[in-house]
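One structure is given here, and the rest of the page talks about it.
Numbering (my numbering), first residue to last: 1149 to 1574.
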């Protein structure tokens, strides 16, 4: 009996400590923040931003948007002018992260947007050789671009009705609007895969957002996963996965542990730094990676005033998108009318001077520094803010963004938003 009381007391103390750590962040995201209708760091969002849609209005509810790297005629990397989007218009009926799990039948889709001047524009990606009867509910995506050659490997996290898998496709530069399905990767260790970061044509990191998922039998699936999120329990993690082209066996090894709601994940161009978004505690964890061994060593923790969703490296900086007010996002996931979940997108880059902080404070309607203390190593700069207004350049439920300063373009995906937001930076 004494041991039982001791264990109960220890558990209560642990929960109290977690609640104390969560209190400050919860005070930010549980109540509506005074965001503007729209703010764009490169000008007037009401004039420079518009929503891109396809003629049939099938594009929307996009979880991830990434740039697809290409090479020039000499084999040198060049800035991609193609986007790859992971979208699911059925998200209000099938969402294994937030719920509900009502109807898995309508498929999601991948899209390619060629925004080269005079380019092909927006196209749904045709999935060749993908089983007709298989579910397809894409979440995180990542493309491995080889040093030589024109064939790329696409990894897609897929939340099917029975289990979550990682789908492997081949992409070709000369046929960018079709992907050939190669294989489905499945493992009991794929508990809650969310985002993926390719390390080769046959290996990748994958974030696992929860230990307890919505797939649990009722009523547990509706109770335990939200508690894991709200309390900020460090029960998420990152795995490294590798496989051979000939065999079916997977090698899955733990790369990073104790991450509350491990969400977006991204590897920088050098392959030596990995970033992981921790949604339930408003943090981004940076790890140093050893390419030969794929071992990760924690380097820095960056605190944010919103729940980060997805992120991506771009020319030495990290672009992070997320949700400033959690109850509004939950209400939207439940298809509640009259709610306008906001958006917040920041860049994270090595600090150069104190003037950077002054600029953020003076120019941004709701500066990061009004909510968080400055980071000693990294500058956090707001690129875009919105209270979710559907007019004047506003945008709801931002998850991820791509900034292409070279060509003057900025794109934002929205988890429960139609189309994709496009802003010009010039």
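The C-beta atom is built at its ideal place from N, Cα and C for all residues, glycine as well.
Does the beta-carbon of residue i have 16 or more other beta-carbons within 10 angstroms, so that it is buried, or is it exposed?
| i | result |
| --- | --- |
| residue 1331 | exposed |
| residue 1352 | buried |
| residue 1565 | buried |
| residue 1561 | buried |
| residue 1192 | exposed |
| residue 1546 | buried |
| residue 1433 | buried |
| residue 1361 | buried |
| residue 1220 | Low confidence applies to residue 1220: its pLDDT is 45, below 50, so where it sits in the model is not reliable enough to give any reading. |
| residue 1494 | buried |
| residue 1345 | buried |
| residue 1503 | exposed |
| residue 1574 | exposed |
| residue 1506 | exposed |
| residue 1256 | buried |
| residue 1587 | The requested residue 1587 does not occur in the structure, where the chain is confined to residues 1149 to 1574. |
| residue 1473 | buried |
| residue 1445 | exposed |
| residue 1548 | buried |
| residue 1239 | buried |
| residue 1376 | buried |
| residue 1543 | buried |
| residue 1224 | Residue confidence for residue 1224 is low, a pLDDT of 48 falling below 50, so the modelled location carries little weight; the figure read from the coordinates is stated next. Exposed. |
| residue 1491 | buried |
| residue 1222 | Residue confidence for residue 1222 is low, a pLDDT of 43 falling below 50, so the modelled location carries little weight; the figure read from the coordinates is stated next. It is exposed - the Cβ of residue 1222 has fewer than 16 other Cβ atoms within 10 Å. |
Since residue i is in the beta strand (DSSP E), which residue starts that stretch and which ends it?
| i | result |
| --- | --- |
| residue 1457 | 1455–1462 |
| residue 1536 | Where residue 1536 is concerned, there is no enclosing beta strand (DSSP E), given that its DSSP letter is neither H nor E. |
| residue 1421 | 1421–1426 |
| residue 1555 | That residue, residue 1555, is in no beta strand (DSSP E); it is neither H nor E in DSSP. |
| residue 1491 | 1491–1498 |
| residue 1272 | 1269–1272 |
| residue 1445 | 1443–1451 |
| residue 1400 | 1398–1407 |
| residue 1436 | 1431–1438 |
| residue 1471 | 1465–1471 |
| residue 1206 | Unbroken run through residue 1206: none, as it is neither H nor E. |
| residue 1211 | 1210–1215 |
Considering only the alpha carbon of each residue, which of the options lies closest to residue i?
| i | options | result |
| --- | --- | --- |
| residue 1471 | 1294, 1431, 1500 | 1431 |
| residue 1468 | 1550, 1355, 1255 | 1550 |
| residue 1412 | 1455, 1390, 1380 | 1455 |
| residue 1303 | 1476, 1214, 1358, 1505 | 1214 |
| residue 1578 | 1276, 1375, 1212, 1397 | With the chain covering only 1149 through 1574, there is no way to say anything about residue 1578. |
| residue 1388 | 1379, 1398, 1394 | 1398 |
| residue 1270 | 1240, 1512, 1231, 1188 | 1231 |
| residue 1243 | 1480, 1406, 1475, 1539 | 1480 |
| residue 1317 | 1310, 1393, 1378 | 1393 |
| residue 1462 | 1558, 1357, 1280 | 1558 |
| residue 1252 | 1273, 1281, 1277 | 1281 |
| residue 1442 | 1448, 1450, 1419, 1382 | 1419 |
| residue 1315 | 1309, 1336, 1339, 1284 | 1284 |
| residue 1189 | 1511, 1544, 1526 | 1511 |
| residue 1435 | 1477, 1478, 1385 | 1385 |
| residue 1204 | 1567, 1466, 1416, 1522 | 1567 |
| residue 1233 | 1248, 1482, 1272 | 1272 |
| residue 1440 | 1380, 1348, 1514 | 1348 |
| residue 1279 | 1329, 1539, 1457 | 1329 |
| residue 1464 | 1438, 1526, 1487, 1489 | 1526 |
| residue 1178 | 1530, 1404, 1529, 1475 | 1475 |
| residue 1522 | 1531, 1508, 1513 | 1508 |
| residue 1501 | 1529, 1402, 1486, 1313 | 1529 |
| residue 1457 | 1477, 1447, 1554 | 1477 |
| residue 1286 | 1208, 1417, 1513, 1358 | 1208 |
In the DSSP assignment, find the alpha helix (DSSP H) that holds residue i and state where it starts and stops.
| i | result |
| --- | --- |
| residue 1194 | 1193–1196 |
| residue 1503 | 1503–1511 |
| residue 1373 | 1368–1378 |
| residue 1479 | 1474–1481 |
Could you check whether the Cβ of residue i sits closer than 7 angstroms to any Cβ belonging to chain D?
| i | result |
| --- | --- |
| residue 1325 | Although the question refers to chain D, the structure presented lacks it and comprises just one protein chain. |
- Task: Report yes or no: do three or more beta-carbon pairs, one from the segment 1315–1325 and one from the segment 1260–1275, lie closer than 8 angstroms?
- Result: yes
- On the three-pair Cβ rule with 8 angstroms, is the segment 1534–1541 touching the segment 1515–1523? no
- Message: Does the contact criterion of 3 or more C-beta pairs under 8 angstroms hold for the segment 1363–1372 versus the segment 1420–1428?
- Response: no
- Could you tell me whether the segment 1263–1280 touches the segment 1290–1297, where touching means 3 or more Cβ pairs closer than 8 angstroms? no
- Message: Ignoring anything shorter than 4 residues, give me the alpha helix (DSSP H) runs that lie fully in the segment 1283–1350, in order along the chain.
- Response: none
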